[in-house]
Structures are given as C-alpha cells and as structure tokens.
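Taken in order, these protein sequences are the chains called A, B, C and D.
The first sequence: position 123 = 123 (the UniProt record's numbering), numbered continuously.
The second sequence: position 115 = 115 (the UniProt record's numbering), numbered continuously.
The third sequence: position 75 = 75 (the UniProt record's numbering), numbered continuously.
The fourth sequence: position 87 = 87 (the UniProt record's numbering), numbered continuously.
Backbone N, C-alpha and C define an ideal beta-carbon position, used for all residues, glycine too.
These numbers were taken from a predicted model, which means no experiment stands behind them.
4 protein chains.
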Amino acid sequence: MWIPIQIDDQSAEPLYYQIETQLKSLIVSGQIEEGTLLPSIRELAASLSCSVITIRRVYQDLENEGLLRTKQGTGTFVAKVGTGERDEYRRTVVQTAVETAVDTGISVQYGEEELKQLFLKILKQKYDKKSGRDRE
Amino acid sequence: MWIPIQIDDQSAEPLYYQIETQLKSLIVSGQIEEGTLLPSIRELAASLSCSVITIRRVYQDLENEGLLRTKQGTGTFVAKVGTGERDEYRRTVVQTAVETAVDTGISVQYGEEELKQLFLKILKQKYDKKSGRDRE
Amino acid sequence: MWIPIQIDDQSAEPLYYQIETQLKSLIVSGQIEEGTLLPSIRELAASLSCSVITIRRVYQDLENEGLLRTKQGTGTFVAKVGTGERDEYRRTVVQTAVETAVDTGISVQYGEEELKQLFLKILKQKYDKKSGRDRE
Amino acid sequence: MWIPIQIDDQSAEPLYYQIETQLKSLIVSGQIEEGTLLPSIRELAASLSCSVITIRRVYQDLENEGLLRTKQGTGTFVAKVGTGERDEYRRTVVQTAVETAVDTGISVQYGEEELKQLFLKILKQKYDKKSGRDRE
DNA sequence: GTGGTCTAGACCACC
DNA sequence: GTGGTCTAGACCACG
Numbered sequence: 001m002w003i004p005i006q007i008d009d010q011s012a013e014p015l016y017y018q019i020e021t022q023l024k025s026l027i028v029s030g031q032i033e034e035g036t037l038l039p040s041i042r043e044l045a046a047s048l049s050c051s052v053i054t055i056r057r058v059y060q061d062l063e064n065e066g067l068l069r070t071k072q073g074t075g076t077f078v079a080k081v082g083t084g085e086r087d088e089y090r091r092t093v094v095q096t097a098v099e100t101a102v103d104t105g106i107s108v109q110y111g112e113e114e115l116k117q118l119f120l121k122i123l124k125q126k127y128d129k130k131s132g133r134d135r136e
Numbered sequence: 001m002w003i004p005i006q007i008d009d010q011s012a013e014p015l016y017y018q019i020e021t022q023l024k025s026l027i028v029s030g031q032i033e034e035g036t037l038l039p040s041i042r043e044l045a046a047s048l049s050c051s052v053i054t055i056r057r058v059y060q061d062l063e064n065e066g067l068l069r070t071k072q073g074t075g076t077f078v079a080k081v082g083t084g085e086r087d088e089y090r091r092t093v094v095q096t097a098v099e100t101a102v103d104t105g106i107s108v109q110y111g112e113e114e115l116k117q118l119f120l121k122i123l124k125q126k127y128d129k130k131s132g133r134d135r136e
Numbered sequence: 001m002w003i004p005i006q007i008d009d010q011s012a013e014p015l016y017y018q019i020e021t022q023l024k025s026l027i028v029s030g031q032i033e034e035g036t037l038l039p040s041i042r043e044l045a046a047s048l049s050c051s052v053i054t055i056r057r058v059y060q061d062l063e064n065e066g067l068l069r070t071k072q073g074t075g076t077f078v079a080k081v082g083t084g085e086r087d088e089y090r091r092t093v094v095q096t097a098v099e100t101a102v103d104t105g106i107s108v109q110y111g112e113e114e115l116k117q118l119f120l121k122i123l124k125q126k127y128d129k130k131s132g133r134d135r136e
Numbered sequence: 001m002w003i004p005i006q007i008d009d010q011s012a013e014p015l016y017y018q019i020e021t022q023l024k025s026l027i028v029s030g031q032i033e034e035g036t037l038l039p040s041i042r043e044l045a046a047s048l049s050c051s052v053i054t055i056r057r058v059y060q061d062l063e064n065e066g067l068l069r070t071k072q073g074t075g076t077f078v079a080k081v082g083t084g085e086r087d088e089y090r091r092t093v094v095q096t097a098v099e100t101a102v103d104t105g106i107s108v109q110y111g112e113e114e115l116k117q118l119f120l121k122i123l124k125q126k127y128d129k130k131s132g133r134d135r136e
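Right, dumping it as structure tokens:
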C-alpha cells in the first residue's frame, strides 16, 4: 500500500516528526480508513529512504496515542476509534494551530481587523490553490 | 530596565528560544524603542533565574539578525533598523504563523468555511481577553 | 574525514574564529565539496585539541551563514549553495581584504606607485612560495 | 588643536583601537609634526564624546611605543624620533596589510593574475577618489 | 553513534 | 561595571 508522505530534507524538523504528523493527519482526516493494514516498518522505511528505527518510533508513538494497533505476526492496522474521538483530535490540532497564529499576531501588536484580513487573504489563496490541485 | 518576559518551565521549547522569541516580539513591535540599553546579560540572567550563557546566546542570536548591537564594556542596545525592515519582519512572522495554521487545517481536511468560523471565534476570544487586560 | 586546519596558539584571534575562517575558506573555494559530511563536533574537537563547544560554535555560525547544514543524529554537511552565491562570497572576502590594505596605505600617505610596487613584490613572493609547496 | 579622527559607532572595533590607529597614522605619516602639543586628555575625550579613560589608554599606548612624550603639568607631545624609525613603522604597517590581503586571496584559491588585476582596480579607484578629495 | 541544550565557573578585554 | 572567549561536564533527543 502506498502512503503519500513528503519528506523535506531541508527542514529543521526531525524526520520522525515530519512522518508522524503527516501520517496522523491522514488517519484522523479519514484519508486512510480504519482497519487498513499499513505497510510494514521495513517497507515504509525503504520507500521513504530512512532508518527502520525512525519508522518504528512513528508506529510506536501513534500506537500509544491509540491511532494504530499492532498484531504480532500480522502487521500494523489503523485502529477503530470512535468518530467522536477522531473528530475531537482533528479539532484540537487545528485549534491549537489557529491559537498559535493569533497569539503571534497579538505578540507583535497586530490589530484585530488587520489580523483578520491577513487570515482571510491567506485562507482564500490556499484553498484556491488546493481546489486547483484537486481538479487535476 | 525591566523587560516583561515569561518563562514556561513545562514547555518543550528550549529556554533560550522562549526568551529570544519574546524579546524579538517586543523589539519588532516597537514596545522597546530602538537605541534602548537592555539589561546586562548578568542582570537579565539573574532576573530570569537562568545561566548567563543562555542570555548571552539570546543577545548574540538577535545581534546576528541585526536586531541588537553590543558594545564591549558598555552594554547591549536595540539596533536602529529602518522602520520598513522592522515592519517587514513583523509581517513575515505573523504571515508564517497564519500560513501554518491554514496548512494544518487543510491537512486534516477542514473546509474553507469551517476553518474561517473557527478562526473568527478564536480571534474574538483572544482580543476580547486582551482588551480586558489592557484596560486594567 | 581529515580537514587541514592550523591553529596558532600565539595569535590574538579567538580560537573559534581561526577555525571558522579556515573552514569557510575551504568551503567557498571548493576545496571541500558540497554535500560532504564533515567530522563530528567531538571528532574535530579532539583532533584540534579544543572543546567541543568551540567546534559547535563554529559549525553553528557557519550554518547560520548558510554554508553548512546539520541534522541531529546524523551529522553536519556542507550545504548545497548556488555556485554564484559561493563565488560572490569568495569575491567579497578578497575584495574587502584588498580594500583594507589600500586604505591602510592611503592612511599613512603612501603614494599610488609606491604601494603598487610593494604589492607586486609581496604577491610574487607569496605565489612563488606557494607553487614551491604545491609541487611537493 | 583640532585632530581629524572619525569614530564609527557601528564598527565592531574597540573605541580605543579606532582612535589609536588613526592617531598613529597621522603621526608616522607626518601629518602631525613632531614636537606638536596634542590636546589634553579631557579635551580630546570631550571632542570625541568618549571617556577620558579611553583617551588616557590611547596616549599611554602611544607613549609606550615611543611616539608620544608626556611632560608633567605641560601636556602630551609628539616625540622626536628618527626619520628612519618612523619610515620603518610606516612600511611595516602597510606591508602587514598587504600580506594579509594576499594571504586571503591564496586561502580561497585566487590565481596570481586574478588577484593582481583586482588589486590594481581597487588601487586606481581609491587613489582617484582620494585625489578628487584632495583638490577640494 | 550523532547534534542540541544548559549548567557553573574561569579569565580576559573594554569603558 | 560591561561583554567575549573558553573550559569541563551533564543530560536529552535523534537515527
């Protein structure tokens, strides 16, 4: 099974973190359905050209968070979690990011209206670009 | 001179980074005027209960970014930077944070309208709270 | 990997600065190719008999200048920088040194011809010595 | 007596060093004649807006080098030194600067001819500019 | 193994 | 008093 994960070599973010974040997003947003069997640690490591240790950590972390489940000798699956729980997670992640953005604005003395306009501009840009990509 | 910096011991963010970020905000937002003599590294270290080396690093980093200027035997000053440059910096920082927030929303399949409403809600909350504090 | 760096204990120049300057020269002149994995900070510190912190500072400074890229857990690499940028850097460094020399001459009232002859003499000396060394 | 010394606040060079270097140049190049009575420490400090400590250090250093002589209760004079000695000093200072420039060129793999052309270009520029200023 | 952070403490140079 | 350099050594995070 093919998993769409992009690694940015230039980024300062740790490898495991890049992979973990993206995989998490795919799961909680429903782009990978529950019950799905994920690629083996070795496979995924190979396809991302990174160490198995790194992937093992990712799977481990997500299992600890209850998003994955490992069956000995079979592989790693996306766990069945309540829809409410998944939505909760999804909401939390976005909310945190938005709060950070607003806090940043406040910290450098951005006005409420000024910040709102900036947000709306960027929102439009990004979603226009996205729908462009989606149509392809 | 007193500088309002809050340290969060629980945070995963490195100490030096917390201080650096806050000091940077104070400068680029104009809350500390250019030319101001900052507290000595020993003073600030004492008042934040951390090592002088940590403060030294903060001052040095900000000097490398052109926000501070240090003179041996005299002290550390807020650099005189073109207003344009400072505004530019201020804008970049906020824009990056907003972009990250929107990207996060997209990554977990948030709809444009849904994300907009969430943002507006948080924006209102935070600015209401802020104006409450400001009136005190 | 072995890196040819000479330390002069007698010099008034700070240790970190001597190392930094020489490493920078090696990189911008192309004597160390881009992408090369440099020795670990501990290794280099040992081979130069100095503290790891001194080397760490060197690597960090050069990373801030965009000449190196470090990845935690992996090591420190020579960054892939545009050739133009590297040439630009190389030119700037030499130009500054030459300007300083000429300014010094002017400040003590050297005549143009007098300074030129002195330069040509020293140029010849140094390059003759160099080509002698190169042949070895 | 007025002494033409420029202080660069932006420079990383220590204050005392900027002053010392310029004063030294004025003396060894003969722009201030031997026997001249220099301004008092307080006067010079006032006219350069710096600490008397800094000027005291400058006078002290130059006295140690034999370029100045202090008479109790009278003031500080430019010492009478042999012309040979003065020329020797003048030559040394320029030679060192030129050697540094050539060394820098060599360290980043500049070719002999390339470096020569760069030098001649800068030499011409600077002396043309100088003679422009002199004619004013 | 790698780099990243933080500490305490020393000594020097500058003003 | 100020900042600048350097040290030894600890502990953590990453691969």
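B:Leu38 carries a coil assignment under DSSP once its states are collapsed to helix, strand and coil. Residue-level contact check: B:Val81 does not touch chain A, since none of the beta carbons of chain A fall below 8 Å from its beta carbon.
Under the three-state reduction of DSSP, B:Gly84 is assigned to helix. Between D:Tyr59 and D:Ile41, the C-beta spacing is below 8 Å. Burial state of C:Asp61 is buried, judged by a 10 Å Cβ sphere holding 16 or more other Cβ atoms. Taking 8 Å as the cut-off, the beta carbon of D:Lys126 is found no closer than this to the beta carbon of D:Leu67. Distance from C:Gln18 to C:Ser29 at the Cβ level is roughly 17 Å; contact not present, criterion being Cβ atoms closer than 8 Å. With three or more CB-CB distances shorter than 8 Å, the region 88 to 106 of chain B counts as touching the region 92 to 108 of chain A. Under the 8 Å criterion on CB atoms, D:Lys71 is classed as non-interfacial with respect to chain C.
The beta carbon of A:Met1 sits closer than 6 Å to the beta carbons of Pro39 from its chain, once the five residues preceding and following it are set aside; these are given in chain order. According to the DSSP assignment, D:Val78 belongs to the beta strand (DSSP E) that extends over Gly75 to Val78. Chain C places no beta carbon closer than 8 Å to that of A:Pro39, leaving this residue out of the contacts. Annotation for D:Val52: Ile41, Arg42 and Ala45 place their beta carbon closer than 8 Å to its own, counting only its chain and skipping 5 residues before and after. In this structure A:Ala79 touches A:Glu34 by the C-beta definition: roughly 7 Å separates them, less than 8 Å. For D:Leu68, the enclosing beta strand (DSSP E) covers residues Leu68 to Lys71.
Considering only beta carbons, no part of the region 3 to 16 of chain A lies closer than 8 Å to chain B. The alpha-carbon of B:Thr74 is positioned some 44 Å away from that of C:Lys124. Taking a beta-carbon distance threshold of 8 Å, C:Gln117 does not count as an interface residue toward chain D.
With 16 or more other CB atoms across the displayed protein chains lying within 10 angstroms of its CB, D:Leu15 is buried. The beta carbons of A:Ile55 and B:Val98 sit no closer together than 8 Å.
Of the candidates A:Thr104, A:Cys50, A:Leu115 and A:Leu37, the residue whose Cα lies closest to the Cα of A:Lys71 is A:Leu37. Taking 8 Å as the upper bound for CB-CB distance, B:Leu118 and A:Gln117 are not in contact here, some 17 Å apart.
Only residues of its own chain outside the window of five on either side were considered, and among them Gln18 have a CB closer than 7 Å to the CB of C:Asp8, listed in chain order.
Spanning the alpha carbons of D:Glu113 and B:Gln22 requires a straight line of approximately 51 Å.
For D:Glu99, the closest Cβ of chain C is nearer than 8 Å. Taking C-beta atoms under 8 Å as the contact rule, D:Phe77 and D:Arg69 qualify, at a distance of about 5 Å. The beta carbons of D:Ala101 and C:Thr83 sit no closer together than 8 Å.
Of the candidates C:Leu48, C:Arg57 and C:Lys130, the residue whose Cα lies closest to the Cα of D:Asp103 is C:Lys130.
B:Leu48 and B:Glu20 have their C-alpha atoms roughly 13 Å apart. Here the alpha carbons of D:Asp134 and C:Leu115 stand approximately 18 Å from one another. Bounds of the alpha helix (DSSP H) holding D:Gln18 are Leu15 to Val28. Interface criterion not met: the Cβ of B:Tyr59 is under 8 Å from no Cβ in chain A.
Under the Cβ distance rule, D:Gly84 does not count among the residues neighbouring chain C, no pair being separated by less than 8 Å.
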